[in-house]
Amino acid sequence: MSKNEQKFEEKMKELESIVSDLENGEIDLDESIEKYTKAMKLVKECDEKLKSIEEQVSKMVSEDDEVKDFDIASN
Amino acid sequence: MNNMDVEKYLTVGALTKYLKVKFEQDPHLQTVFLKGEISNFKAHTRGHLYFSLKDETSKINAIMFSSKASKLNFTPEDGAKVFVTGRVSVYEATGNYQIYVDEMMLDGVGNLYIAFEKLKKQLASEGLFDEKWKKPIPKIPERIGIITASTGAAVKDIISTIRRRFPLAETLLFPCLVQGEYAASDIAKKIKQASTYPIDVLIVGRGGGSIEDLWPFNEEIVARAIFDCPIPVISAVGHEVDFTIADFVADLRAPTPTGAAEMAVPHLDEIEQHLQSLSIRLKETMRNRLESNRTKLNHLKNNYLLKNPERIFDTKKQQLMILDDHLREMMVKKLEFEKIHFNHLKKSYIFKNPDVLFEGSKTKLTNIKHEINQKIRYQIEQKKQQLISIKKHYILTNPSTLYESYQIDLQHFIEKLDVMNPLHLLQKGYHLAYQDQHLIKNIEDIKSDNLRLRFYDGEVYTKIEKIEKEH
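Quick mapping for you: the protein sequence lines, in order, are chains A and B.
Throughout the first sequence, residue numbering follows numbering that gives the first Met the number 0, covering 0 to 74 in sequence.
Throughout the second sequence, residue numbering follows numbering that gives the first Met the number 0, covering 0 to 470 in sequence.
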């Protein structure tokens with residue numbers, strides 16, 4: 000994951016805040032369409048992330064910062 | 000008492016020796032493992048240690064010879080809980096039995112408890128446990144750091160729980176020692192190492208064990224490393240009942256390693272459900288929004304005027320006509336009103352008799368005139384009266400009396416003048432000396448030799464021969 004990409008939790012938080020903004024109905028229609036588009040994009044991204052159950056491997060970091068895969072079954 | 004009877008009696012020494020042999024023949028008393036609390040501690044100058052060991056019910060004297068005492072790795076003191084190894088025997092001189100201590104060590108648990116309480120109090124007073132330092136644990140972490148032993152139940156529990164609940168999260172294990180002398184510094188070191196990685200939350204812990212096993216998590220170096228760690232830390236040491244200093248400093252305490260993993264990550268299902276509900280709410284609210292806007296739009300579209308735009312002008316035209324009529328009417332009325340007003344003025348009394356306007360001023364003017372005349376007449380009369388009274392004055396009617404009195408006065412004056420005439424003095428023989436028209440009254444006045452003397456009947460011009468000043 001690149002450092003610049005918004006984190007999953009941040010996406011969820013932004014999504015939550017957009018939904019409650021829209022539900023409050025205080026923004027005008029043009030803006031709400033813009034927000035809706037953005038929110039739908041976030042839903043899609045989060046959903047893809049959740050569906051891509053590409054299980055993360057466990058890793059182990061050695062004293063000299065060498066990162067290796069770590070298999071709990073073999074230990 | 001006969002001889003036979005006397006032989007039955009033992010000496011104190013014999014009994015004591017007998018007892019001592021009994022003690023020393025008993026294998027149980029030759030190697031004794033004893034625990035108790037030190038009291039009456041005395042260190043002899045030769046290096047022997049004398050003290051008692053006691054518990055709630057009993058007490059035994061103890062001696063540790065200098066050869067054994069020199070091997071101690073701590074300084075015994077009253078109140079210290081200790082484990083000792085030794086043999087029990089009798090000291091013949093006093094007849095007391097006592098334990099001859101070969102080895103002595105501090106009772107770990109008792110002393111660890113004291114150390115724990117001391118450190119806890121100190122760190123608490125420094126504010127390390129304060130709520131204000133507790134960092135929030137992220138709800139959906141993507142990378143989780145784990146600091147524990149690479150083998151054992153703890154690491155398996157943590158990783159498998161994370162996998163099961165939230166497989167999207169990546170786990171990074173920083174393996175460390177979790178018990179023994181070097182564990183504390185190793186744990187602290189790994190916390191520092193982990194804080195250089197982009198980790199969302201850090202789990203620090205180990206599985207259950209004895210208080211000594213868990214001890215590294217009670218060390219100050221670990222407490223400070225957790226406190227200084229910029230990443231939120233969840234502590235997971237031992238079982239539910241085990242509380243360590245690390246638990247107090249951590250941002251969140253988990254009862255077990257499995258518990259820590261459950262606290263660190265959400266369940267994937269929960270997130271999916273949450274996302275789905277957000278998505279539904281999003282679509283719902285937008286649909287409602289659009290629906291209500293569409294209704295509004297339709298309403299407007301169906302508006303009578305929008306459908307019959309010419310009607311807009313009809314009404315306006317009508318309004319204009321009404322206004323125009325109104326305006327005309329108003330103008331006519333206004334003109335009529337002014338005309339009436341004008342006629343009224345024309346017919347008015349003043350207009351026909353403009354003199355009336357000046358009547359008031361005229362009267363005022365006459366009044367002023369009259370007033371002035373009166374004042375002048377009055378003043379003339381006054382002056383007249385004054386003149387008459389002056390005319391009637393005695394002197395004016397008898398001017399000669401005034402002259403007579405003057406004559407008398409003049410006669411007096413002439414007589415007076417006559418008396419004062421200096422020439423009368425000259426007649427008596429006096430004369431006056433002059434120099435350049437100035438009368439010489441004293442010697443000081445003399446400015447030259449010439450002198451003019453005035454006599455009654457003429458003048459003499461002479462010269463001064465000598466001046467003799469008196470005084």
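Backbone N, C-alpha and C define an ideal beta-carbon position, used for all residues, glycine too.
Between Ile244 (chain B) and Leu118 (chain B), the C-beta gap is smaller than 7 angstroms, which places the two residues in contact. Scanning B:Gln436, B:Glu469 and B:Arg453 for the CA closest to the CA of Glu443 (chain B) turns up B:Glu469. Counting only runs that start and end inside the stretch 71-136 of chain B, the alpha helix (DSSP H) elements of at least 4 residues fall at 107-125.
Runs of the alpha helix (DSSP H) lying entirely within the stretch 158-227 of chain B and spanning at least 4 residues, in chain order: 182-193, 210-213 and 219-227. Under the three-state reduction of DSSP output, Ala259 (chain B) falls in the helix class. Chain-ordered, the chain B residues with CB closer than 8 angstroms to the CB of Gln55 (chain A) read Pro166, Leu167, Ala168, Glu169 and Thr170. Taking all protein chains shown into account, Phe350 (chain B) has fewer than 16 neighbouring C-beta atoms within 10 Å of its C-beta and is therefore exposed.
Cβ-Cβ distances below 8 angstroms link Arg310 (chain B) to Tyr303 and Leu304 in the same chain, with the five nearest sequence neighbours on each side left out; the list follows chain order.
Secondary structure of Arg252 (chain B) (DSSP, three-state): strand. With respect to Leu409 (chain B), Gln434 (chain B) sits apart: the two C-beta atoms are not nearer than 7 angstroms. Within 10 angstroms of the beta-carbon of Gln29 (chain B) lie fewer than 16 other beta-carbons, which makes it exposed. At a cut-off of 7 angstroms, the C-beta of Ile71 (chain A) has a neighbouring C-beta in chain B. Under the Cβ criterion (8 angstroms, minimum of three pairs), the stretch 5-21 of chain B does not count as touching the stretch 196-211 of chain B. The closest CA to that of Asp106 (chain B), considering only B:Leu167, B:Arg252, B:Lys34 and B:Phe50, is found on B:Lys34. A straight-line Cα-Cα distance of about 24 angstroms links Ser194 (chain B) and Glu180 (chain B). Looking from the CA of Leu424 (chain B), the closest CA among B:Leu395, B:Ile439 and B:Asp456 belongs to B:Asp456. When secondary structure is reduced to three states using DSSP, Gln434 (chain B) falls in the strand class.
Within the stretch 151-164 of chain B, Val154, Lys155, Ile158, Ser159 and Arg162 place their CB atoms closer than 8 angstroms to a CB of chain A, listed in sequence order. Residue A:Val42 holds the alpha-carbon nearest to the alpha-carbon of Glu9 (chain A) among A:Ser51, A:Val42 and A:Ile32. Per DSSP, the beta bridge partners of Thr147 (chain B) are B:Pro174. The beta carbon of Glu30 (chain A) does not come within 7 angstroms of any beta carbon belonging to chain B, so the residue lies off that interface. The C-alpha of Pro353 (chain B) lies about 22 angstroms from the C-alpha of Lys338 (chain B). Under the Cβ distance rule, Asn217 (chain B) does not count among the residues neighbouring chain A, no pair being separated by less than 7 angstroms. Minimum Cα-Cα distance from Ser291 (chain B) among the listed residues A:Leu28, A:Ser19 and A:Ser16 corresponds to A:Leu28. Distances from the alpha-carbon of Thr284 (chain B) to those of A:Phe7, A:Asp68, A:Met39 and A:Gln5 put A:Met39 closest. Under the Cβ criterion of 7 angstroms, Thr294 (chain B) is not counted among the residues facing chain A. At the C-beta level, Ser57 (chain B) and Ser38 (chain B) stay beyond 7 angstroms of one another. Residue contact with chain A for Glu55 (chain B): absent (no Cβ-Cβ distance below 7 angstroms to any residue of chain A).
Rounded to whole angstroms, the separation of the alpha carbons of Tyr90 (chain B) and Phe64 (chain B) is 14 angstroms. Collapsing the DSSP output to three states places Ser65 (chain B) in a helix. Chain-order list of chain B residues neighbouring Lys48 (chain A): Leu167, by C-beta distance under 9 angstroms. Within the stretch 251-262 of chain B, no residue places its CB atom closer than 8 angstroms to a CB of chain A. When the five nearest sequence neighbours on each side are left out, the beta carbons in the same chain lying within less than 7 angstroms of the beta carbon of Ser447 (chain B) are those of Gln434, in order along the chain. Distance from the CA of Lys345 (chain B) to the CA of Leu356 (chain B), rounded to the nearest whole angstrom, comes to 16 angstroms.
Secondary-structure assignment with DSSP links Glu458 (chain B) through a beta bridge to B:Arg453.
For Lys6 (chain A), the C-beta contacts it makes with chain B under 7 angstroms involve Glu141, in order along the chain.
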